[in-house]
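Q: Supplied in structure tokens, the structure appears directly below.
Number of protein chains: 2
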Amino acid sequence: MATIHDVAREAGVSIATVSRSLNGRSRVSEKTRARVLEVAAALEFHPNRAARGLVTGKLGNVGVLVPDLTNPFFTPILAGIEEVAQSRDMGVFVADTREDVDAEGRLITRLSQQVDGVVLVASRMDEEDLLDLRIKDKAVLVNRVVRGMSAVAIDAYQGMSELVDHLGELGHTRIAYLDGPSRSSLGRSKRLGLADRAKELGIDLIVLGHRQPTFAAGRESAEEVRSLDVTAVVAFDDLIAWGLITRLQELGVEIPQELSIAGFDDAIEEGMVRPALTSVSPQGTSLGIRAMDLLLDRLQRPAAPASVEMLGCIVKKRDSTRSILA
Amino acid sequence: MATIHDVAREAGVSIATVSRSLNGRSRVSEKTRARVLEVAAALEFHPNRAARGLVTGKLGNVGVLVPDLTNPFFTPILAGIEEVAQSRDMGVFVADTREDVDAEGRLITRLSQQVDGVVLVASRMDEEDLLDLRIKDKAVLVNRVVRGMSAVAIDAYQGMSELVDHLGELGHTRIAYLDGPSRSSLGRSKRLGLADRAKELGIDLIVLGHRQPTFAAGRESAEEVRSLDVTAVVAFDDLIAWGLITRLQELGVEIPQELSIAGFDDAIEEGMVRPALTSVSPQGTSLGIRAMDLLLDRLQRPAAPASVEMLGCIVKKRDSTRSILA
DNA sequence: CTGTTAGCGCTTTCAA
DNA sequence: TTGAAAGCGCTAACAG
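Line order of the protein sequences matches chains A and B. So the first sequence is numbered by our numbering: it starts at 1 and just counts up by one. So the second sequence is numbered by our numbering: it starts at 327 and just counts up by one.
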């Protein structure tokens, strides 16, 4: 690999001039700059980011922590983050915590040395532990809010409220909710949005306790749901809804004729499940983009107060929910 | 962040002694080492990897390039890689090329500065372009073989051969194959394995041209498959098979009564598709583990000749393939 | 066994 | 406009 010295020698200038030509901060005569750039290109010179980072304190890359890479909820968020990163010529470090809180702490610590900032998606850590990491001015949370830290949140309250509206319009008066992980901070918003609006509309809401946000967990909930005497079921996320649907269908339940089902995330590709799943879409790509924007802001002015953004959801009405009115 | 100097001062020794205590290469008295370690822990000192990398030439992390993070085929491979990396206290940089060949080249170049080596999973680049990158002694290919480069390959030939055996035993004598992307190097092995064994067994094989390895592409193939007068269909991968199944079912075709269907990758979670899909499993986690092993070997002895490993596949017989014999 | 010192490749004052 | 020189945090000879 060519170093800055090689370029300097070849171009007949000092390394300082090469550095300036490349970074364009300070003035260099157009003529020298042109020659330096030419030589640099010819030598395929790429400044060593580690070395640059040593002196500037900036590495030019960010880290992203997700609880589960395979969960389709995170994919668009990652896409949004990478989109912004690429446009700024920054690298993205992705790490999968596998829903393991301990691993999360370790990974954050580890990642912190190699990146300028981190995006923590759906962090499962305790607020205290998170704060102890002292990363508040180089981190942005997605889908989680902690005092003093920047975050972009999903307005699940609004999303779930609108979902209840939808169900109400369809005539449902008794619906069940399959809750997700107890640590999920989004969980509370979802539950509240559901409960508050249900109350307003005079709809009975039966909340079934915590479970993992997995296809398998959805399947395992089928029996309980069946015994419940509700006409509609809302799941914590699409994976659970999906598992539930397939299992119910195996048990001979007709969806949506006998039971309406809705999920959250809008993470299932068109046609993957039948009937097409009604779902609340949190607009993942936008989440990722906004998170990166906030992070970049924050890295510019670490002293600035933390800002929290709330992004709305859209209810995607599809075939798994249907009217029970005559 | 505490630096090595802080630790040295606090422990009353030189920075060299701190370095030695931490790295354990050279001898330090147990007493001093203990004190240094204690101070380091108290200060939450973590050596700056960039700085260390500058002098040692090793950064302590590897990069992984995958064509599509959302494709479940890559998930276990990634898991295998991360498993080995974690055990060696190395970091993993993941980059998604989105099936874009140009992006792949750029990302490799970019990543190369921040990592000691890279694992290129299912690289789509030209052999020439890949060689031009001059990364052969710091890269390992997965699912792709290029002269002079280390690689761990999937024995798709064997896997597909055994799948034909399975189909033959079930009495099928005329089967279709839905091919994948034309650039896929695995494609040829799959096609050959299928064709050779089919020929040996006197089975007719109808090969349908290239398509993307996506659920949608599978759905779009349904009509063509239906018009084909075959009793079994093998798809390039599970995603295609899955799309095909759902679309065929919508069209009223009974699977596997009217048509047996099999995929490749074994990437679909139990219960996600009905009937459960017969699939050839390439054992992704092992692929990832072996790839990392090879990479680590390579980084130790860059001069060693490139080695290519071939990992066998296992045919997972499930409910989507059935006997047509009486 | 431990300290001093010379860089790794780069950016950034400070002079010229 | 350009160059010399001082480090960024760390490791690795080389002395002692």
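For every residue, glycine included, the Cβ atom is placed at its ideal position computed from N, Cα and C. Quick caveat: nothing in here was measured; it's all calculated off a predicted structure.
Can you list the residues of chain B that Val94 (chain A) reaches, using a CB-CB cut of under 7 Å?
A: The residue labelled residue 94 (chain A) in the question sits at position 94 within the first sequence. Here the neighbours are Val420.
Q: Are any of the Cβ atoms in chain A nearer than 9 Å to that of Asn374 (chain B)?
A: Numbered from 1 along the second sequence, position 48 holds the residue referred to as residue 374 (chain B). For Asn374 (chain B), the answer is yes, since a Cβ of chain A falls inside 9 Å of its Cβ.
Q: For Arg537 (chain B), count neighbouring Cβ atoms within 10 angstroms of its own Cβ and tell me buried if that reaches 16, exposed if not.
A: Indexing the second sequence from 1 puts residue 537 (chain B) at position 211. Buried is the call here.
Q: Closer than 9 Å by beta-carbon distance: list the chain A residues that pair up with Phe541 (chain B), in chain order.
A: Walking along the second sequence from the start, residue 541 (chain B) turns up at place 215. By Cβ distance, chain A contributes Glu269, Glu270, Gly271 and Met272.
Q: With 9 Å as the threshold, decide whether the Cβ of Asn268 (chain B) is near any Cβ in chain A.
A: The displayed coordinates of chain B run from 327 to 652. Any statement about residue 268 (chain B) would go beyond what the structure contains.
Q: Find the residues of chain B that neighbour Ala51 (chain A), judging by a C-beta separation of less than 7 Å, and give them in chain order.
A: Position 51 of the first sequence, counting from 1, holds the residue named residue 51 (chain A). The contacting residues are Leu380.
Q: According to DSSP, Ile175 (chain A) sits in a beta bridge with which residue or residues?
A: The residue given as residue 175 (chain A) occupies position 175 in the first sequence. In the DSSP output, where bridge partners are listed per residue, Ile175 (chain A) has A:Leu205 and A:Ala232.
Q: Considering only residues of the same chain and omitting the five flanking positions on each side of Ile255 (chain A), which have a CB-CB separation below 8 Å?
A: For the purposes of this step, residue 255 (chain A) is identified with residue 255 of the first sequence, where counting begins at 1. Within the same chain, Ile255 (chain A) has close Cβ partners Ile245, Leu248, Gln249, Ile261, Pro275 and Ser320.
Q: At the 9 Å Cβ level, is Thr329 (chain B) part of the contact set with chain A, yes or no?
A: Here residue 329 (chain B) corresponds to residue number 3 of the second sequence, with the count starting at 1. Output row for Thr329 (chain B): interface = no.
Q: Taking Cβ-Cβ distances below 8 Å as the criterion, which residues of the stretch 103-124 of chain A are in contact with chain B?
A: So the list reads Thr109, Arg110, Leu111, Gln113 and Gln114, given in the order they occur along the chain.
Q: Would you mind listing the alpha helix (DSSP H) stretches within the stretch 29-103 of chain A that are 4+ residues and don't spill past its ends, in chain order?
A: As far as the stretch 29-103 of chain A is concerned, its whole alpha helix (DSSP H) runs of at least 4 residues are 30-42, 49-56 and 74-87.
Q: In chain order, which alpha helix (DSSP H) runs of at least 4 residues are fully inside the stretch 254-300 of chain A?
A: Counting only runs of 4 or more, we get 284-300.
Q: With a CB to CB cut of under 7 Å and the five nearest residues on each side skipped, what residues in its chain are close to Val556 (chain B)?
A: Sequence index remark: in the second sequence, residue 556 (chain B) carries index 230 (1-based). Excluding residues within five positions, the ones whose Cβ falls inside 7 Å are Arg500, Ile501, Ala502 and Ile532.
Q: Identify every residue that forms a DSSP beta bridge with Gly117 (chain A).
A: Looking up residue 117 (chain A) in the first sequence gives position 117. Note: Gly117 (chain A) sits in a beta bridge opposite A:Val62.
Q: Counting pairs of beta carbons, one from the stretch 308-322 of chain A and one from the stretch 263-279 of chain A, are three or more of them closer than 8 Å?
A: Contact between the stretch 308-322 of chain A and the stretch 263-279 of chain A is present, because at least three Cβ pairs lie under 8 Å.
Q: Would you list, in chain order, the members of the stretch 407-419 of chain B that have their beta-carbon closer than 9 Å to a beta-carbon of chain A?
A: Within the stretch 407-419 of chain B, the qualifying residues are Glu408, Gln412, Asp415, Gly417, Val418 and Phe419.
Q: Any idea if Leu651 (chain B) is buried or exposed, counting beta-carbon neighbours within 10 angstroms, 16 or more meaning buried?
A: The count along the second sequence starts at 1 and reaches residue 651 (chain B) at position 325. Leu651 (chain B) is exposed by the Cβ-count criterion.
Q: Which of the residues in the stretch 483-503 of chain B, read from start to end, lie with their CB under 9 Å from any CB of chain A?
A: So the list is empty, because no residue satisfies the distance condition.
Q: So what's Val471 (chain B) in DSSP terms, helix, strand or just coil?
A: Within the second sequence, the letter at position 145 stands for residue 471 (chain B). The answer is coil: DSSP assigns Val471 (chain B) none of H, G, I, E or B.
Q: Taking 9 Å as the CB-CB cut-off, is Arg545 (chain B) touching chain A?
A: Taking the second sequence and counting its residues from 1, one reaches residue 545 (chain B) at position 219. Answer yes: the Cβ-Cβ gap between Arg545 (chain B) and chain A drops below 9 Å somewhere.
Q: Closer than 6 Å by C-beta to Pro608 (chain B): which residues in its own chain qualify, once you throw out the five before and the five after it? Chain order, please.
A: Within the second sequence, numbered from 1, the residue matching residue 608 (chain B) stands at position 282. Within the same chain, Pro608 (chain B) has close Cβ partners Ile480 and Cys639.
Q: Among all the DSSP beta bridges, which residues are the ones paired with Ile480 (chain B)?
A: Working through the second sequence from its first residue, we reach residue 480 (chain B) at position 154. In the DSSP output, where bridge partners are listed per residue, Ile480 (chain B) has B:Leu637.
Q: Leaving out five residues before and five after Leu385 (chain B) in sequence, what residues of the same chain have Cβ atoms less than 7 Å from its Cβ?
A: Locating residue 385 (chain B) in the second sequence gives position 59, where the first residue counts as 1. Here the set comprises Arg375, Gly379, Gln440, Val441 and Asp442.
Q: I want to verify the contact list: residues of chain B whose CB lies under 8 Å from the CB of Leu78 (chain A), in sequence order.
A: Within the first sequence, the letter at position 78 stands for residue 78 (chain A). Result: Leu395 and Asp422.
Q: Cα-Cα, which of A:Leu167, A:Val142, A:Pro213 and A:Ser29 is closest to Asp194 (chain A)?
A: Sequence index remark: in the first sequence, residue 194 (chain A) carries index 194 (1-based). In the sequence under discussion, the amino acid at residue 194 (chain A) is Leu, which differs from the Asp named in the question. Nearest of A:Leu167, A:Val142, A:Pro213 and A:Ser29 to Leu194 (chain A), Cα basis: A:Leu167.
Q: Closer than 9 Å between beta carbons: that is the criterion. Which residues of the stretch 235-263 of chain A meet it against chain B?
A: Correct list: Trp242, Gly243, Thr246, Arg247, Gln249 and Glu250.
Q: Between A:Val253, A:Thr3 and A:Val146, which lies nearest to His46 (chain A) when the distance is taken from Cα to Cα?
A: Stepping through the first sequence from its first residue, residue 46 (chain A) is reached at position 46. Comparing Cα-Cα distances from His46 (chain A) to each of A:Val253, A:Thr3 and A:Val146, the minimum goes to A:Thr3.
Q: Compare the C-beta of Pro398 (chain B) with all C-beta atoms of chain A and state if any pair is closer than 9 Å.
A: By one-based count along the second sequence, residue 398 (chain B) stands at place 72. Yes, Pro398 (chain B) counts as interfacial toward chain A.
Q: What separation, rounded to the nearest whole angstrom, lies between the Cα atoms of Ala139 (chain A) and Glu223 (chain A)?
A: In the first sequence, the residue the question calls residue 139 (chain A) occupies position 139. In the first sequence, the residue the question calls residue 223 (chain A) occupies position 223. C-alpha separation (whole angstroms): 42 Å.
Q: With a threshold of 9 Å between beta carbons, is Thr401 (chain B) in contact with chain A?
A: As a first step, residue 401 (chain B) is located in the second sequence; it is residue number 75 there, counting from the start. Judged by the 9 Å Cβ criterion, Thr401 (chain B) is in contact with chain A.
Q: Counting pairs of Cβ atoms below 8 Å between the stretch 29-39 of chain A and the stretch 1-20 of chain A, do you hit three or more?
A: Segments in contact, yes.
Q: Under a three-way DSSP split, which group does Lys317 (chain A) fall into?
A: Position 317 of the first sequence, counted from the start, is the residue given in the question as residue 317 (chain A). Looking at Lys317 (chain A) - three-state DSSP - the assignment turns out to be coil, as it is neither helix nor strand.
Q: With a CB to CB cut of under 8 Å and the five nearest residues on each side skipped, what residues in its chain are close to Ala51 (chain A)?
A: The sequence position of residue 51 (chain A) within the first sequence is 51, counting from 1. Closer than 8 Å at the Cβ level, and outside the excluded window around Ala51 (chain A), lies no residue.
Q: What does the alpha-carbon distance come out to for the pair Ala306 (chain A) and Gly105 (chain A)?
A: Taking the first sequence and counting its residues from 1, the one referred to as residue 306 (chain A) is at position 306. Taking the first sequence and counting its residues from 1, the one referred to as residue 105 (chain A) is at position 105. Cα to Cα, the separation comes out at about 21 Å.
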